[in-house]
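Protein sequence lines correspond, in order, to chains A and B. Take 0 as the starting number for the first sequence in numbering that gives the first Met the number 0 and just add one per residue. Take 0 as the starting number for the second sequence in numbering that gives the first Met the number 0 and just add one per residue. Here a beta-carbon is modelled for each residue, glycine too, at the ideal position from N, C-alpha and C. Let me begin by presenting the structure, written as C-alpha cells, before commenting on it.
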Amino acid sequence: MLLKRIIPCLDTAGGRVVKGTHFQQLRDQGDPVALARAYSKDGADELTFLDIDATPQGRATLVDLVERTAYEVFIPLTVGGGIREVDEIRTLLRAGADKVSIQTAAVQRPELITEAARAFGSQCIVVAIDAKRHASDGWMAFTHGGRTPTGLDAVGWAIEAQHRGAGEILLTSIDADGTRAGYDLELTRAVVDAVQIPVIASGGAGHPKDLEAVLTVGRADAALAASIFHSGAFPIPQVKAYLAGQGIPVRI
Amino acid sequence: MIGLIDYGAGNLRSVENALARLEATATIAATPEDLAGARAIIFPGVGAAAPAMASLRDRGLDRAVITAIRNGVPFLGICLGMQLLFERSAEDGAACLGILPGTVVRLNTREKLPHVGWNTLEHVRPHPVLEGIEGEAFYFVHSYVVVPRHPGVVAGDTTHGVPFVSAIARQGLVGVQFHPERSGTAGLRLLENFLRFAKVEAAA
Numbered sequence: 000m001l002l003k004r005i006i007p008c009l010d011t012a013g014g015r016v017v018k019g020t021h022f023q024q025l026r027d028q029g030d031p032v033a034l035a036r037a038y039s040k041d042g043a044d045e046l047t048f049l050d051i052d053a054t055p056q057g058r059a060t061l062v063d064l065v066e067r068t069a070y071e072v073f074i075p076l077t078v079g080g081g082i083r084e085v086d087e088i089r090t091l092l093r094a095g096a097d098k099v100s101i102q103t104a105a106v107q108r109p110e111l112i113t114e115a116a117r118a119f120g121s122q123c124i125v126v127a128i129d130a131k132r133h134a135s136d137g138w139m140a141f142t143h144g145g146r147t148p149t150g151l152d153a154v155g156w157a158i159e160a161q162h163r164g165a166g167e168i169l170l171t172s173i174d175a176d177g178t179r180a181g182y183d184l185e186l187t188r189a190v191v192d193a194v195q196i197p198v199i200a201s202g203g204a205g206h207p208k209d210l211e212a213v214l215t216v217g218r219a220d221a222a223l224a225a226s227i228f229h230s231g232a233f234p235i236p237q238v239k240a241y242l243a244g245q246g247i248p249v250r251i
Numbered sequence: 000m001i002g003l004i005d006y007g008a009g010n011l012r013s014v015e016n017a018l019a020r021l022e023a024t025a026t027i028a029a030t031p032e033d034l035a036g037a038r039a040i041i042f043p044g045v046g047a048a049a050p051a052m053a054s055l056r057d058r059g060l061d062r063a064v065i066t067a068i069r070n071g072v073p074f075l076g077i078c079l080g081m082q083l084l085f086e087r088s089a090e091d092g093a094a095c096l097g098i099l100p101g102t103v104v105r106l107n108t109r110e111k112l113p114h115v116g117w118n119t120l121e122h123v124r125p126h127p128v129l130e131g132i133e134g135e136a137f138y139f140v141h142s143y144v145v146v147p148r149h150p151g152v153v154a155g156d157t158t159h160g161v162p163f164v165s166a167i168a169r170q171g172l173v174g175v176q177f178h179p180e181r182s183g184t185a186g187l188r189l190l191e192n193f194l195r196f197a198k199v200e201a202a203a
C-alpha cells in the first residue's frame, strides 16, 4: 500500500537554513546539508528546500547546496523558490534535485508548467499553490509569499496545473501557516477531491494530531511541515509512531 | 568497473552518488565501447519509453546491452531501465529491447497515477541482490508496470490498489520498478547487494 509521506521543509538563503532549528545532536544548526542528513536518518520520506534568496548569487549557492545534499542524502529532494525558467529547472535537476516546485512563475506564465513537464516529465514538476480563504466562499491563490492576490480560484488553479502537466500540488494555507493550529482541512480536501495527482498539504502543523487530520480528513497524500520538526517539539520518529498508532500507513 | 548507461535523458547523478557512498566507482557509458569493459551494468531510466529506445538505438547501446546480458554481465535495471528489457511498451507503443518476454502496460488501478511515493516490496523470491529487503519500503515514481510472460522472472511485488510486479530476476539480470538510489537505507542495501553479487560473479 502506498504510504503517506512526511516531509520536513527547510527555508534556505545564501546556502544556510534561515529559520531556527533545534537538532541537539548537530553542532552547526544552520547547515542545510547537516539538517537534511539528520532528517533523513530520522525517517523523513522526502525533503523540501524552499529558497527565499532570489538573487543570482543566491541561485548559484542553492545549486551548490543541492549538489552537496544529493551527494549524501538518499531520499527525494524537492527544491523551490523563485524558479522562472526551464533552464533553471534543468540546472537544479542535474545538480541532484528530484523535483522542482514552481509557483509565482507558473501563475504568471502557465505554459512554464507544460514546457517543464515536456522537458523533464510530470513526475518532477510540483506546482506550489498558496491559498487564502475568501470572505465569501472558497480560496484564492496568492503569490510572493502571500502578498499578491492572483484572482485565481485555488481549486480551479490546481485543476489547471494538473492539466498543464504538474505531477504534484504543494498546497499551503496562508491562513493556517505559522499558526501551529492545524492544517486547513477543508481547503486540502477540496483540492484533493478536484485533482487526480498527489497533494502535499502544508501550513499549520503544530501537533502530530494535525498531520493525522490532514492525512485522513483532508485526504492529503503527504504532509509537509517545518517548525514542528525544527523546534524539536515533535521529532519525526515520534510523529510517525503516532500516525502508525492511528492506523495511518507510514514508513517506520 | 560499473557501467552506468547514459542515453542522454536520464539523470545519473543520484545513482552515481549512491555508488560513491558505497565506495564504488561508476563509468558513464554513452557508447558501446564504454560498456565493453564493464563487470556490471546499471541502467537507470526515467521518462518515456519511445524516446529512450530511440536514443539507445542512436548510440548503439541497444545491441551493447543485449550482448552484455547474453554474456552474463550482472545487470540492474531501474524503473524505465527495467521496463525496456521487455518486448513492447503500451506507452507510445514503443518496441523495447526484447530481452525478456512480456510487455509494459499502464497500471490498471483506481488509485492515483502516477504512483508516487513509498510503497513496500513484498513476496520477494530469494536472490542475492534482493536479500534482506523484503517488506521494506522503496520510493516509486511511475505509471507503467511490467507484465512478464514467464512468472518465473517475477521476484517481488507491490500493491497500489492492485498488485503489480516491482522486481524481476533471472540469474544475473535484476530489475526493480522503484528507485533504490532514492530509497534511503533499504535502497543502499539493494545497491550494495548488487555490487557484492557483481564482485562474486566477476571472481567466479
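Enumerate in chain order the residues of its own chain whose CB-to-CB distance from residue i is below 6 angstroms, with the five nearest sequence positions on each side excluded.
| i | result |
| --- | --- |
| B/Arg169 | Val152 |
| A/Thr187 | Ala200, Val213, Gly217, Ala219 |
| A/Ala225 | Cys8 |
| B/Phe42 | Ile4, Gly76, Gly80 |
| A/Leu111 | Ala104, Ala105 |
| A/Arg4 | Asp44, Glu45, Ala221 |
Distance check for residue j and residue i, CA to CA, integer angstroms please.
| i | j | result |
| --- | --- | --- |
| A/Leu169 | A/Phe119 | 18 angstroms |
| B/Gly131 | B/Gly186 | 11 angstroms |
| A/Asp97 | B/His178 | 11 angstroms |
| A/Ala35 | B/Arg148 | 42 angstroms |
| A/Thr276 | A/Glu87 | Because chain A is modelled from 0 through 251, residue 276 of chain A falls outside the range shown and cannot be assessed. |
| A/Gly244 | B/Gly2 | 44 angstroms |
| B/Ala23 | B/Gly59 | 26 angstroms |
| A/Thr147 | B/Cys78 | 40 angstroms |
| B/Ile68 | A/Phe233 | 49 angstroms |
| A/Pro207 | A/Asp10 | 21 angstroms |
| B/Pro127 | A/Cys123 | 32 angstroms |
| A/Ala221 | B/Asn70 | 44 angstroms |
| A/Leu76 | A/Glu66 | 11 angstroms |
| A/Asp63 | A/Gly95 | 10 angstroms |
By DSSP's criteria, residue i is part of a beta bridge. Which residues make up the other side?
| i | result |
| --- | --- |
| B/Tyr138 | B/Trp117 |
| B/His159 | B/Val161 |
| A/Lys98 | A/Thr77 |
| A/Trp138 | A/Arg132 |
| A/Pro55 | Paired residue(s): none; A/Pro55 is not in a bridge. |
| B/Ser54 | According to DSSP, which records beta bridges pairwise, B/Ser54 is partnered with nothing at all. |
| A/Pro7 | A/Ala224 |
| B/Gly7 | DSSP lists no partner for B/Gly7. |
| A/Ala127 | A/Leu169 |
| B/Tyr143 | B/Arg105 |
| A/Thr149 | Answer is none; A/Thr149 lacks a bridge partner. |
| B/Gly2 | B/Thr26, B/Ile40 |
| B/Phe74 | B/Ile40, B/Leu172 |
Below 8 angstroms CB to CB, which residues in the same chain sit around residue i once its five sequence neighbours on both sides are set aside?
| i | result |
| --- | --- |
| A/Asp30 | Arg15, Val16 |
Going along the chain, which residues of its own chain have a beta-carbon closer than 7 angstroms to the beta-carbon of residue i, five neighbours each way excluded?
| i | result |
| --- | --- |
| B/Ala201 | Arg38 |
| B/Arg105 | Ala89, Ser142, Tyr143 |
| B/Arg181 | Ser13, Tyr138 |
| A/Met0 | Pro248 |
Within 8 angstroms of any Cβ in chain E, is that where the Cβ of residue i sits?
| i | result |
| --- | --- |
| B/Val45 | Absent from the structure: chain E. Protein chains present are A and B. |
Using a Cβ distance threshold of 8 angstroms, determine whether the stretch 160-169 of chain B contacts the stretch 101-113 of chain B, with at least three qualifying pairs required.
yes
Using 8 angstroms as the threshold, is the stretch 49-63 of chain B in touch with the stretch 83-96 of chain B, meaning 3 or more CB pairs across them?
yes
Report yes or no: do the stretch 236-250 of chain A and the stretch 23-40 of chain B share at least 3 C-beta pairs separated by less than 8 angstroms?
no
Does the stretch 124-134 of chain A touch the stretch 173-185 of chain A, meaning 3 or more C-beta pairs lie closer than 8 angstroms?
A contact exists between the stretch 173-185 of chain A and the stretch 124-134 of chain A.
Identify each residue in the stretch 49-71 of chain A for which the Cβ-Cβ distance to at least one residue of chain B is less than 8 angstroms, and report them in chain order.
Ala69, Tyr70, Glu71
Is it the case that the stretch 57-76 of chain A contacts the stretch 99-111 of chain A, given that we only count it when at least three CB pairs across the two stretches are under 8 angstroms?
no
Closer than 9 angstroms between beta carbons: that is the criterion. Which residues of the stretch 159-185 of chain A meet it against chain B?
Gly166, Glu167
According to a CB-to-CB cut-off of less than 7 angstroms, which residues of the stretch 129-150 of chain B neighbour chain A?
Within the stretch 129-150 of chain B, contact with chain A at the beta-carbon level (separation under 7 angstroms) is assigned to Ala136, Tyr138, Val140.
Got a sec: which bits of the stretch 29-48 of chain A sit with their beta carbon under 7 angstroms from any beta carbon on chain B, in order along the chain?
Ser39, Asp44
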